[in-house]
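Asks: Okay, handing you the structure first.
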Amino acid sequence: MTKTTENIFDSGMINEDWFNLGKSDAWAGKAKVPPEQDSQAASMYELGYCEGKIKHPPTEISQYPIVHVLHLN
550 MTKTTENIFD SGMINEDWFN LGKSDAWAGK AKVPPEQDSQ AASMYELGYC EGKIKHPPTE
610 ISQYPIVHVL HLN
């Protein structure tokens with residue numbers, strides 16, 4: 550089985566980078582593959598992945614139309 554996300558060690562990635570990578574992987578429908586050697590980076594990746602599963606990417610169009618409410622005075 551091939552991993553879809555490479556584990557990048559000593560790459561200079563910060564917590565936010567790992568968080569964003571996790572979210573991006575979730576949005577792309579990729580398997581969750583947190584870094585194995587860095588527990589802090591793995592936690593940030595997992596957090597981002599979970600948020601990505603909950604929130605849809607900003608480019609995704611909602612299946613529900615926008616409803617305009619009329620206010621009658």
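Quick note on this note's numbering: the sequence shown kicks off at 550 and runs consecutively. Backbone N, C-alpha and C fix where the C-beta goes; we use that ideal spot for every residue, glycine too.
Let me know if proline 606 comes out buried or exposed under the rule of 16 or more other beta-carbons within 10 Å of its beta-carbon.
Replies: With fewer than 16 other Cβ atoms within 10 Å, it is exposed.
Asks: Whole angstroms is fine: what's the gap from lysine 581's alpha carbon to asparagine 569's?
Replies: Answer to the nearest angstrom: the Cα atoms are 13 Å apart.
Asks: Could you work out which residue in Gly561, Lys579 and Lys572 is closest to lysine 604 when comparing CA atoms only?
Replies: When only C-alpha atoms are compared, the closest one is Lys572.
Asks: Give the range of the alpha helix (DSSP H) segment to which aspartate 574 is assigned.
Replies: That run of the alpha helix (DSSP H) goes 564-576.
Asks: Check each candidate in Met562, Lys602 and Leu619 and name the one with the smallest Cα separation from glycine 578.
Replies: Answer by Cα proximity: Lys602.
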